[in-house]
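What follows is a short report on a single structure.
2 protein chains.
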Amino acid sequence: MIAPWRSPLAHALHRNRSLAYARFLQLATVRPDGRPANRTVVFRGFLDNTNQLKLITDIRSEKAAQIPQSPWGEICWYFPKTREQLRLLGRLTLIDAHHGDPALLKARKMQWHDLSDAARVQFGWANPGQPRDPADPFLPPPPDPHEPLPNFCLLLLDPVQVDHLELRGNPQNRFRYSMDEGDTWHVESINP
Amino acid sequence: MIAPWRSPLAHALHRNRSLAYARFLQLATVRPDGRPANRTVVFRGFLDNTNQLKLITDIRSEKAAQIPQSPWGEICWYFPKTREQLRLLGRLTLIDAHHGDPALLKARKMQWHDLSDAARVQFGWANPGQPRDPADPFLPPPPDPHEPLPNFCLLLLDPVQVDHLELRGNPQNRFRYSMDEGDTWHVESINP
Numbered sequence: 001m002i003a004p005w006r007s008p009l010a011h012a013l014h015r016n017r018s019l020a021y022a023r024f025l026q027l028a029t030v031r032p033d034g035r036p037a038n039r040t041v042v043f044r045g046f047l048d049n050t051n052q053l054k055l056i057t058d059i060r061s062e063k064a065a066q067i068p069q070s071p072w073g074e075i076c077w078y079f080p081k082t083r084e085q086l087r088l089l090g091r092l093t094l095i096d097a098h099h100g101d102p103a104l105l106k107a108r109k110m111q112w113h114d115l116s117d118a119a120r121v122q123f124g125w126a127n128p129g130q131p132r133d134p135a136d137p138f139l140p141p142p143p144d145p146h147e148p149l150p151n152f153c154l155l156l157l158d159p160v161q162v163d164h165l166e167l168r169g170n171p172q173n174r175f176r177y178s179m180d181e182g183d184t185w186h187v188e189s190i191n192p
Numbered sequence: 193m194i195a196p197w198r199s200p201l202a203h204a205l206h207r208n209r210s211l212a213y214a215r216f217l218q219l220a221t222v223r224p225d226g227r228p229a230n231r232t233v234v235f236r237g238f239l240d241n242t243n244q245l246k247l248i249t250d251i252r253s254e255k256a257a258q259i260p261q262s263p264w265g266e267i268c269w270y271f272p273k274t275r276e277q278l279r280l281l282g283r284l285t286l287i288d289a290h291h292g293d294p295a296l297l298k299a300r301k302m303q304w305h306d307l308s309d310a311a312r313v314q315f316g317w318a319n320p321g322q323p324r325d326p327a328d329p330f331l332p333p334p335p336d337p338h339e340p341l342p343n344f345c346l347l348l349l350d351p352v353q354v355d356h357l358e359l360r361g362n363p364q365n366r367f368r369y370s371m372d373e374g375d376t377w378h379v380e381s382i383n384p
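Sequence lines, in order, name chains A and B.
Going by this note's numbering, the first residue of the first sequence is number 1, and it counts up by one from there.
Going by this note's numbering, the first residue of the second sequence is number 193, and it counts up by one from there.
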């Protein structure tokens, strides 16, 4: 069942398609010490027949360490051309090489295969966030497109609340989509 | 003392100045239930002679309620033209009409004065996030530029850590600026 917020999101992606960075979004998580973290990631589409957004990450990144302790994330996605914002609050699932669900392991493998060579090779780079060795040329061998490197993770966000703000309205329009206990989505018009 | 990360930020703002939305950034905070929140806000410059970033908000907004409980925020700021990202982790200070520091109250008043009429009038709109009354025309009287509406807040972020990523490098370049116990900034080159 396609969630009702998928339609405004699809429209925004379509109308902003001339901007490569319209597929970039900001993902907020919570650090083990309770402070927030926030970084830009790339939208990789939806997991088949679900409303879960696909992202990717490196198991060595800070966010991969944060998620098992605090599995919630909020995406903030601003579309410059149409001047609208979607905020998606949801639960995060990290799919590493040892995940127990074979279907999700398969999705991880497919996602790896679908990446560009330039995106794949970054998973062969030295440990992200560690002091850089000036002698390191960052030129690992090109990874096999059919076999994900062990540190490659698929990351899913499964929204439970979506806030859509259209700055272009006069006044602005704002809609809140919420999922109830029975997994049914409701939408209401709210004050901007 | 101007922090060393101010220089790359100033360069990024300058090189992206043709894009009005280069002054938009994403601010992550933590909700009272421990889940993250994330939204787009506008950079309003620095508070005089400090390294604190100025933002604005409405006392009736969710973030204004989150900050007293969890005063940390992380800004994620992506600059499309130069393909670089700054992440600024810091402590947030909310300056409402009842703040105890006269200098900060004055900064709040000046910020209100510097806003456009269109930005000021939004503080006269109905309670943000509440169900919208279709009969409400959202046409309050234009507020006095010399006297902030009571719900107007200046919001400051005082960074303690800044992560600067340049996607254009080959490989990418990434720098981490950290403030030590003695309030001195240090910078190191880290793996992207």
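Heads up, the beta-carbon is just placed ideally off N, CA and C, and yes, glycines get one too.
Beta carbon proximity, residue i to chain B, threshold 9 Å
{"i": "Arg6/A", "result": "no"}
{"i": "Ile75/A", "result": "yes"}
{"i": "Arg23/A", "result": "no"}
{"i": "Val30/A", "result": "yes"}
{"i": "Asp136/A", "result": "yes"}
{"i": "Pro141/A", "result": "no"}
{"i": "Trp112/A", "result": "no"}
{"i": "Ser116/A", "result": "no"}
{"i": "Arg44/A", "result": "no"}
{"i": "Asn151/A", "result": "no"}
{"i": "Pro159/A", "result": "no"}
{"i": "Arg87/A", "result": "yes"}
{"i": "Pro68/A", "result": "no"}
{"i": "Leu19/A", "result": "yes"}
Integer-rounded CB distance, given that residue j should sit under 8 Å from residue i
{"i": "Leu284/B", "j": "Leu349/B", "result": "6 Å"}
{"i": "Thr376/B", "j": "Gln85/A", "result": "Between Gln85/A and Thr376/B the Cβ distance is about 37 Å, and since that is not below 8 Å, they are no contact."}
{"i": "Trp72/A", "j": "Arg227/B", "result": "4 Å"}
{"i": "Ala37/A", "j": "Ala229/B", "result": "Incorrect: roughly 13 Å between the Cβ atoms, too far for contact."}
{"i": "Pro148/A", "j": "Lys109/A", "result": "6 Å"}
{"i": "Pro384/B", "j": "Pro128/A", "result": "7 Å"}
{"i": "Arg279/B", "j": "Asp355/B", "result": "4 Å"}
{"i": "Leu104/A", "j": "Ile67/A", "result": "About 14 Å separates the two Cβ atoms, so there is no contact after all."}
Inter-residue Cα distance where the pair is residue i and residue j
{"i": "Cys153/A", "j": "Leu115/A", "result": "12 Å"}
{"i": "Ser7/A", "j": "Gln322/B", "result": "23 Å"}
{"i": "Gln161/A", "j": "Phe175/A", "result": "11 Å"}
{"i": "Trp304/B", "j": "Trp77/A", "result": "27 Å"}
{"i": "Asp96/A", "j": "Phe330/B", "result": "49 Å"}
{"i": "Gln314/B", "j": "Ile190/A", "result": "14 Å"}
{"i": "Leu165/A", "j": "Pro141/A", "result": "44 Å"}
{"i": "Gln26/A", "j": "Lys298/B", "result": "33 Å"}
{"i": "Ala212/B", "j": "Phe79/A", "result": "13 Å"}
{"i": "Asp325/B", "j": "Ala311/B", "result": "21 Å"}
{"i": "Pro196/B", "j": "Gln52/A", "result": "40 Å"}
{"i": "Pro337/B", "j": "Ala202/B", "result": "29 Å"}
{"i": "Ile248/B", "j": "Ala12/A", "result": "26 Å"}
{"i": "Asp250/B", "j": "Gly316/B", "result": "10 Å"}
{"i": "His291/B", "j": "Ala256/B", "result": "14 Å"}
Residue i at chain A interface by Cβ criterion, 9 Å
{"i": "Ile251/B", "result": "no"}
{"i": "Arg368/B", "result": "yes"}
{"i": "Ile382/B", "result": "yes"}
{"i": "Trp377/B", "result": "no"}
{"i": "Thr274/B", "result": "no"}
{"i": "Pro340/B", "result": "no"}
{"i": "Gln322/B", "result": "yes"}
{"i": "Leu296/B", "result": "no"}
{"i": "Pro363/B", "result": "yes"}
{"i": "Asn243/B", "result": "no"}
{"i": "Thr285/B", "result": "no"}
{"i": "Pro319/B", "result": "Looking at the sequence itself, residue 319/B is Asn, so the reference to Pro does not match. For Asn319/B, the answer is yes, since a Cβ of chain A falls inside 9 Å of its Cβ."}
{"i": "Ala257/B", "result": "no"}
{"i": "Arg231/B", "result": "yes"}
{"i": "Arg227/B", "result": "yes"}
Residue i - containing beta strand (DSSP E), residue span
{"i": "Lys246/B", "result": "245-250"}
{"i": "Glu254/B", "result": "Note, Glu254/B: premise wrong, no beta strand (DSSP E); alpha helix (DSSP H) at 254-261."}
{"i": "Ser189/A", "result": "185-189"}
{"i": "His236/B", "result": "Checking the sequence shown, residue 236/B turns out to be Arg, not His. First-last for Arg236/B: undefined, no H or E at that position."}
{"i": "His164/A", "result": "152-166"}
{"i": "Ser178/A", "result": "173-179"}
{"i": "Arg17/A", "result": "No beta strand (DSSP E) contains Arg17/A, which DSSP labels as neither H nor E."}
{"i": "Ala220/B", "result": "216-222"}
Interface residues of chain C facing residue i [CB-CB closer than 7 Å]
{"i": "Asn16/A", "result": "Note that chain C does not occur in the displayed structure, where the protein chains are A and B."}
Among the options, the one whose alpha carbon lies nearest that of residue i
{"i": "Pro159/A", "options": "Leu167/A, Ser178/A, Pro142/A, Pro145/A", "result": "Ser178/A"}
{"i": "Ile267/B", "options": "Phe235/B, Arg275/B, Ala256/B, Thr249/B", "result": "Phe235/B"}
{"i": "Gln172/A", "options": "His291/B, Asp328/B, Ala257/B", "result": "Asp328/B"}
{"i": "Ser61/A", "options": "Met110/A, Lys54/A, Glu147/A, Ala126/A", "result": "Ala126/A"}
{"i": "Met1/A", "options": "Ser18/A, Thr50/A, Pro32/A, Asn16/A", "result": "Thr50/A"}
{"i": "Leu89/A", "options": "Ala256/B, Arg223/B, Asn343/B", "result": "Arg223/B"}
{"i": "Arg15/A", "options": "Lys81/A, His186/A, Arg87/A, Asn170/A", "result": "Lys81/A"}
{"i": "Ser70/A", "options": "Asp33/A, Leu104/A, Pro150/A", "result": "Asp33/A"}
{"i": "Arg275/B", "options": "His378/B, Asn362/B, Asp293/B", "result": "Asn362/B"}
Unbroken alpha helix (DSSP H) run spanning residue i, endpoints
{"i": "Leu297/B", "result": "294-306"}
{"i": "Arg132/A", "result": "Neither: Arg132/A is in no alpha helix (DSSP H) and is coded neither H nor E."}
{"i": "Arg279/B", "result": "Careful: Arg279/B lies outside any alpha helix (DSSP H), inside the beta strand (DSSP E) at 276-287."}
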